[in-house]
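Novice: Please find one structure pasted underneath; my questions will follow.
Protein chains in written order, with the working numbering: chain U, 1 to 610; chain A, 1 to 278; chain W, 1 to 235.
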């Protein structure tokens with residue numbers, strides 16, 4: 001592509017991104033106009049109910065961001081709603097209603113909610129904690145908060161709560177405008193955020209958190225920040241709810257309300273923003289109208305619809321309804337390359353080198369045990385820049401475990417791992433990436449629903465913070481990554497969803513993503529497994545080039561000795577958790593020991609001797 | 001002192017009975033059945049029907065188990081089976097089922113609190129204490145249930161197949177075990193156990209359409225800290241149930257009601273496998 | 001002409017879109033022992049899993065005694081007389097020796113008869129029925145694995161790398177057992193192996209699998225077969 005064409009396309013891409021944002025802002029304006037007009041068009045009862053529904057919808061939006069986009073199933077958003085509501089109700093019941101009190105109560109409620117959310121994040125996203133634990137904690141949280149409110153005696157009003165306190169002297173219309181414009185603005189902001197470069201990160205975490213960590217992204221911190229942000233928005237909605245209704249009760253913080261939010265989001269359509277908002281408003285409004293005549297039947301209908309949607313339509317109702325409309329109206333996304341970033345070469349960075357110019361990676365007395373099983377024992381190994389060291393050995397020799405011990409400080413049982421002279425200690429994978437480690441997994445470990453360009457953008461997130469509101473028009477990648485993309489043709493597939501790539505292309509994409517980290521030590525676990533012959537020699541050529549021309553230190557696990565022979569500068573043989581041979585290609589391939597290990601035990605030794 | 005001891009033992013027994021059905025479903029199918037509370041409620045209302053018909057209160061137990069078995073079988077076939085590959089969605093769908101069960105019961109029986117006749121009344125003198133005979137009987141019931149489950153799991157071909165599926169489903173299939181059938185049988189049995197438990201606990205308090213929910217939450221936490229082991233469940237109910245009794249007595253009833261969920265959450269954070277061996 | 005015990009007709013399969021084996025064709029007569037050789041990662045285990053119904057066929061057909069069995073789940077194949085020993089996690093470590101053997105049968109009532117047969121091959125088994133399988137030595141576990149596969153008198157055995165990591169005397173013993181079983185029951189046996197010497201000691205024919213394709217095949221007693229195989233396995 002010529003410079004001029006590339007420049008033109010970049011402008012087109014940027015304008016694609018800004019055009020979408022402008023469209024959303026226009027829609028938001030229409031929404032605000034509707035909010036302004038609605039109180040004059042609807043009867044007072046409906047307006048009254050809608051204020052509550054709109055506030056609930058704000059909370060549903062946070063559930064959708066957490067669960068629909070990021071995969072954090074939370075039953076506990078109600079707890080934060082209750083915290084906000086009680087901040088208002090308690091302050092106004094026990095203190096005089098002055099602007100200062102109102103503001104301090106508001107900020108105090110938000111701060112408590114944020115602190116609790118941070119605690120939940122710390123509990124749920126610690127190292128080695130099971131992924132379902134966050135759902136457990138968020139289930140426990142509303143139960144605990146409710147019980148605390150119960151035990152508050154006259155201060156909290158116990159099980160009946162508090163009501164009739166002095167509150168803001170605002171008209172129904174004003175409350176409607178506050179709730180409605182808050183919802184419109186939040187929805188628009190959330191839409192812009194989830195469609196931005198940074199927003200793709202949420203989907204990436206949901207899909208493959210491990211890969212995110214190995215791209216150097218601190219997913220635990222990000223998820224905690226999301227929880228905190230969601231808690232703050234929810235607490236603000238709760239504060240407004242209490243100010244408007246003049247009632248607070250423990251049920252606001254309860255587990256049933258928490259699960260109802262999940263139901264509304266699921267029915268509307270998780271991961272669609274507009275679905276949860278519409279679902280919440282419709283269900284809450286209808287509930288209010290039917291609460292007199294058919295309360296139980298309506299709840300039964302909701303329950304039935306929920307089960308049917310979860311089993312048969314996991315994407316929810318709004319996408320189904322909207323699908324037909326969209327098919328009529330919208331042009332197929334990125335059919336003309338619109339919105340795709342332009343690849344650029346990132347300025348070369350000085351390569352990290354150890355202070356003493358020593359080996360790129362050095363292992364001292366490394367061991368790994370699982371209970372009494374010794375998988376690795378007394379591993380001493382050093383490799384320098386420009387070396388391509390192949391690790392070979394039979395199944396169960398400990399090759400993949402060795403790779404894992406270099407990339408994750410928690411993995412080893414004993415010994416030390418130095419990268420560029422720095423001890424990795426017990427650091428998590430995302431920190432090891434910072435020392436210059438890049439790990440490619442055995443089976444292609446990528447983000448299936450993202451596009452090629454989005455995957456690469458995430459791989460660069462460490463170097464260039466992704467924009468939280470738009471899609472950048474260009475994507476700068478280091479030479480080595482560009483080379484892999486050009487050699488495999490990935491550079492012509494930037495807009496393709498990864499799930500539509502062939503197996504070989506996924507392997508190449510993961511390699512390009514790892515190279516986009518600009519590692520100084522590259523760990524590759526069977527990069528050619530399942531590839532065709534042509535693909536294998538292509539990857540082999542690229543790897544030797546990376547070591548030779550880019551000075552990378554490459555550790556390669558490989559079964560195929562033909563392949564190893566062609567590209568390695570050194571071969572290390574692992575057997576039963578120990579290094580049994582470490583030498584040049586000629587030394588190792590010709591060795592009788594290797595024949596023994598690979599062929600038939602004693603007999604082969606006899607054969608080799610004879 | 002001895003009253004407290006009896007409280008601990010009987011409380012643990014009640015929790016054991018309530019959580020056993022949830023545990024075996026979790027063990028075999030690796031999904032949490034959030035309709036467990038609904039099945040408990042079904043059992044409670046089955047007992048209520050028996051009372052209203054003026055039948056022998058003991059009949060409530062087989063009747064509740066039978067109703068649970070049939071409904072559980074239908075639920076497995078039409079709701080749970082399509083969700084094997086989506087365990088989180090299975091939680092949500094079974095929670096939805098719990099709502100459906102609660103609403104159907106409300107429509108059928110009204111939402112008010114009702115009482116069930118207890119098959120055994122009065123107190124017995126144990127360890128120098130006059131103690132509720134029915135609660136003591138529940139200890140016997142829990143022991144019987146544990147023995148029965150152990151006998152089925154360790155003494156029958158079905159139990160052997162079930163254990164094989166728990167340990168390694170893929171290998172079990174290669175040895176000729178229809179693991180889908182084992183899952184179906186397990187879910188039906190687990191639902192029957194839940195309803196049986198519902199019928200067993202109702203004489204202690206009362207029935208209402210939402211009676212299952214608080215039990216569900218405690219049972220869920222107990223199962224999470226027990227893994228797939230009935231022995232761990234025994235330990236967990238004794239330790240956590242015991243803590244609940246003591247904290248209620250010496251702290252406050254409100255703290256007591258939080259004991260199991262909070263302690264279980266703390267245990268799981270420190271030791272993800274909880275009371276299970278590995 | 002009697003139908004082949006197992007016939008693979010240009011079978012391709014793998015994981016998702018990644019094909020691990022491509023157009024493999026082979027056929028075993030009843031009473032024949034066949035060794036599938038090759039290095040790690042060449043698709044041998046994938047082939048057995050495909051035959052056993054764990055993986056769907058991408059192309060081709062699998063026939064068991066003349067009957068197409070593609071699409072049947074593993075348990076249906078087991079009930080048609082196929083015994084499969086996977087390479088990894090092949091025993092229920094926490095179950096007793098006796099329970100592991102019982103799981104080799106469709107009906108526990110046949111246990112006594114089955115135990116008598118496999119006990120003749122492995123006399124230690126009847127004495128240690130209550131021992132937990134995970135506490136057996138590595139060699140004993142492999143013998144238990146073979147015993148379990150033989151419990152139900154299968155018509156076809158699929159055995160994945162049974163000789164791996166074993167001392168020669170046990171390898172020898174397993175070879176004798178498999179040949180004796182074949183002589184007694186006319187079972188067809190498909191072995192996946194890397195140990196050429198074990199393969200030679202037990203099998204009649206062989207094929208070498210390389211990157212999912214058969215690159216060499218023949219009779220193991222042919223002159224030159226062994227040296228060709230060893231070269232293929234060790235390079």
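A virtual CB, placed ideally from N, CA and C, is assigned to each residue, including glycine. Everything numeric in this text was worked out from a predicted model, so none of it was measured.
Just reading off the beta strand (DSSP E) that residue 572(U) is part of, what are its end residues?
Specialist: Taking the first chain and counting its residues from 1, the one referred to as residue 572(U) is at position 572. Where residue 572(U) is concerned, the enclosing beta strand (DSSP E) stretches over 570 to 575.
Novice: Is there contact between the stretch 81 to 95 of chain W and the stretch 134 to 141 of chain W, where contact requires at least three CB pairs shorter than 8 Å?
Specialist: The answer is yes - the stretch 134 to 141 of chain W touches the stretch 81 to 95 of chain W, with three or more Cβ pairs under 8 Å.
Novice: Quick check: the stretch 237 to 247 of chain A against the stretch 49 to 69 of chain A, are there 3 or more CB pairs under 8 Å?
Specialist: No, the stretch 237 to 247 of chain A does not touch the stretch 49 to 69 of chain A.
Novice: When you compare only the Cα positions, how much space is there between residue 152(W) and residue 74(W)?
Specialist: Sequence index remark: in the third chain, residue 152(W) carries index 152 (1-based). Sequence index remark: in the third chain, residue 74(W) carries index 74 (1-based). Cα to Cα, residue 152(W) sits roughly 16 Å from residue 74(W).
Novice: Can you tell me the Cα-Cα spacing of residue 256(A) and residue 167(U), whole angstroms?
Specialist: Numbered from 1 along the second chain, position 256 holds the residue referred to as residue 256(A). Numbered from 1 along the first chain, position 167 holds the residue referred to as residue 167(U). Cα to Cα, residue 256(A) sits roughly 35 Å from residue 167(U).
Novice: Out of 33(U), 251(U), 158(U), 133(U), which has the shortest C-alpha to C-alpha gap to residue 611(U)?
Specialist: Examination of residue 611(U) is not possible in this model, given that chain U is present from 1 through 610 alone.
Novice: Where does residue 334(U) sit, in a helix, a strand or coil, going by DSSP?
Specialist: Position 334 of the first chain, counted from the first residue, corresponds to residue 334(U). With a pLDDT of 41 at residue 334(U), under the threshold of 50, the predicted position of this residue should be treated as unreliable, and no value is reported.
Novice: Can you grab the Cα-Cα spacing for the pair residue 207(U) / residue 447(U), in whole Å?
Specialist: As a position in the first chain, residue 207(U) is number 207, starting the count at 1. As a position in the first chain, residue 447(U) is number 447, starting the count at 1. Near 6 Å, if we compare the C-alpha coordinates of residue 447(U) and residue 207(U).
Novice: Can you have a look at residue 227(W) and say buried or exposed, based on whether 16 or more other CB atoms are within 10 angstroms of its CB?
Specialist: Counted from its first residue, the third chain places residue 227(W) at position 227. With fewer than 16 Cβ atoms within 10 Å of its Cβ, residue 227(W) is classed as exposed.
Novice: State yes or no: is the C-beta of residue 37(A) within less than 7 Å of the C-beta of residue 216(A)?
Specialist: Numbered from its first residue, the second chain carries residue 37(A) at position 37. Numbered from its first residue, the second chain carries residue 216(A) at position 216. Contact: yes.
Novice: Just checking: is the beta-carbon of residue 529(U) within a distance shorter than 7 Å of some beta-carbon in chain W?
Specialist: Sequence index remark: in the first chain, residue 529(U) carries index 529 (1-based). It does; some Cβ of chain W falls within 7 Å.
Novice: What ranges does the beta strand (DSSP E) occupy inside the stretch 39 to 120 of chain U, keeping only unbroken runs of at least 3 residues that lie completely in it?
Specialist: The stretch 39 to 120 of chain U contains no whole beta strand (DSSP E) run of 3 or more residues.
Novice: Would you say residue 74(W) faces chain A, with C-beta separation under 7 Å as the test?
Specialist: Taking the third chain and counting its residues from 1, one reaches residue 74(W) at position 74. Closer than 7 Å to some Cβ of chain A, the Cβ of residue 74(W) qualifies, so yes.
Novice: Quick one: what's residue 613(U) bridged to in DSSP?
Specialist: One cannot answer for residue 613(U) here, as it falls past the ends of chain U, which runs 1 to 610.
Novice: I want to verify the contact list: residues of chain U whose CB lies under 7 Å from the CB of residue 254(A), in sequence order.
Specialist: By one-based count along the second chain, residue 254(A) stands at place 254. Those within 7 Å of residue 254(A) in chain U are 147, 150, 151.
Novice: Using the three-state DSSP reduction, which class does residue 364(U) fall into: helix, strand or coil?
Specialist: Start at 1 with the first residue of the first chain, and residue 364(U) comes out as number 364. Residue state, collapsed to three classes: strand.
Novice: Among the residues of its own chain, which have a CB less than 6 Å from the CB of residue 2(W), if the five just before and after it don't count?
Specialist: Along the third chain, one-based indexing puts residue 2(W) at 2. Nothing listed; no residue qualifies.
Novice: In chain order, what residues of the same chain have a beta carbon less than 6 Å from the beta carbon of residue 50(W), not counting five sequence neighbours either side?
Specialist: Taking the first residue of the third chain as 1, we reach residue 50(W) at position 50. For residue 50(W), where only same-chain residues beyond five positions count, the Cβ hits under 6 Å are 13.
Novice: Which residues in chain W have a C-beta closer than 7 Å to the C-beta of residue 394(U)? List them in chain order.
Specialist: In the first chain, counting from the first residue as 1, residue 394(U) sits at position 394. Going along chain W in sequence order, the residues near residue 394(U) (Cβ under 7 Å) are 40.
Novice: Among all the DSSP beta bridges, which residues are the ones paired with residue 414(U)?
Specialist: The sequence position of residue 414(U) within the first chain is 414, counting from 1. Per DSSP, 367(U).
Novice: Going by C-alpha distance, which of 112(W), 101(W), 29(W), 57(W) is nearest residue 175(A)?
Specialist: Indexing the second chain from 1 puts residue 175(A) at position 175. Closest by alpha carbon: 101(W).
Novice: Since residue 78(U) and residue 258(U) should fall inside the 8 Å C-beta cutoff, what is the C-beta to C-beta distance between them, to a whole number of angstroms?
Specialist: Residue 78(U) sits at position 78 when you count from the first residue of the first chain. Residue 258(U) sits at position 258 when you count from the first residue of the first chain. Yes, they are in contact, since the Cβ atoms of residue 78(U) and residue 258(U) sit about 4 Å apart, within 8 Å.
Novice: Within 7 Å (strictly less), CB to CB, does residue 559(U) reach chain W?
Specialist: Within the first chain, residue 559(U) is the residue found at index 559, counting from 1. Residue 559(U) counts as touching chain W.
Novice: Taking only beta-carbon positions, decide if residue 277(A) is within less than 7 Å of chain W.
Specialist: Within the second chain, the letter at position 277 stands for residue 277(A). Not an interface residue.
Novice: Check whether the stretch 104 to 124 of chain U and the stretch 78 to 88 of chain U touch, using three or more Cβ-Cβ pairs below 8 Å as the test.
Specialist: Touching, yes.
Novice: Does any CB atom of chain A fall closer than 7 Å to the CB of residue 160(W)?
Specialist: As a first step, residue 160(W) is located in the third chain; it is residue number 160 there, counting from the start. No, no contact with chain A.
Novice: Could you give the distance in angstroms between the alpha-carbon of residue 334(U) and the alpha-carbon of residue 163(W)?
Specialist: Here residue 334(U) refers to the residue found at position 334 of the first chain. Here residue 163(W) refers to the residue found at position 163 of the third chain. Confidence at residue 334(U) is low in this model, with a pLDDT of 41, below 50, so its placement is unreliable and the value that follows should be read with caution. Those two C-alpha atoms are separated by around 55 Å.
Novice: So what's residue 35(U) in DSSP terms, helix, strand or just coil?
Specialist: What you label residue 35(U) is simply residue 35 of the first chain in a count that begins at 1. If DSSP states are grouped into helix, strand and coil, residue 35(U) belongs with the helices.
Novice: Determine the direct distance from the alpha carbon of residue 195(A) to that of residue 72(A), and round the result to whole angstroms.
Specialist: As a working mapping, residue 72(A) is identified with position 72 in the second chain. As a working mapping, residue 195(A) is identified with position 195 in the second chain. Cα-Cα distance, rounded: 10 Å.
Novice: What does the alpha-carbon distance come out to for the pair residue 77(W) and residue 187(A)?
Specialist: For the purposes of this step, residue 77(W) is taken as the residue at position 77 of the third chain. For the purposes of this step, residue 187(A) is taken as the residue at position 187 of the second chain. One C-alpha to the other measures close to 25 Å.
Novice: Output yes or no for whether 7 Å exceeds the beta carbon distance between residue 56(U) and residue 408(U).
Specialist: As a first step, residue 56(U) is located in the first chain; it is residue number 56 there, counting from the start. As a first step, residue 408(U) is located in the first chain; it is residue number 408 there, counting from the start. Not in contact: residue 56(U) and residue 408(U) (Cβ atoms no closer than 7 Å).
Novice: At the 7 Å Cβ level, is residue 158(A) part of the contact set with chain W, yes or no?
Specialist: As a first step, residue 158(A) is located in the second chain; it is residue number 158 there, counting from the start. For residue 158(A), the answer is no, since every Cβ of chain W falls outside 7 Å of its Cβ.
Novice: State the CB to CB distance for the pair residue 317(A) and residue 48(A), rounded to an integer number of angstroms; the pair is presumed to be in contact (CB under 8 Å).
Specialist: Any question about residue 317(A) goes unanswered here, given that chain A covers just 1 to 278.
Novice: Would residue 364(U) count as contacting chain W if we go by Cβ distances under 7 Å?
Specialist: By one-based count along the first chain, residue 364(U) stands at place 364. Output row for residue 364(U): interface = no.
Novice: Out of curiosity, what's the CA-to-CA distance linking residue 442(U) and residue 399(U)?
Specialist: Position 442 of the first chain, counting from 1, holds the residue named residue 442(U). Position 399 of the first chain, counting from 1, holds the residue named residue 399(U). In a straight line, the C-alpha of residue 442(U) is about 11 Å away from that of residue 399(U).
Novice: Between the stretch 77 to 97 of chain W and chain U, which residues of the former have CB atoms less than 7 Å from a CB of the latter, in chain order?
Specialist: So nothing in the stretch comes that close.
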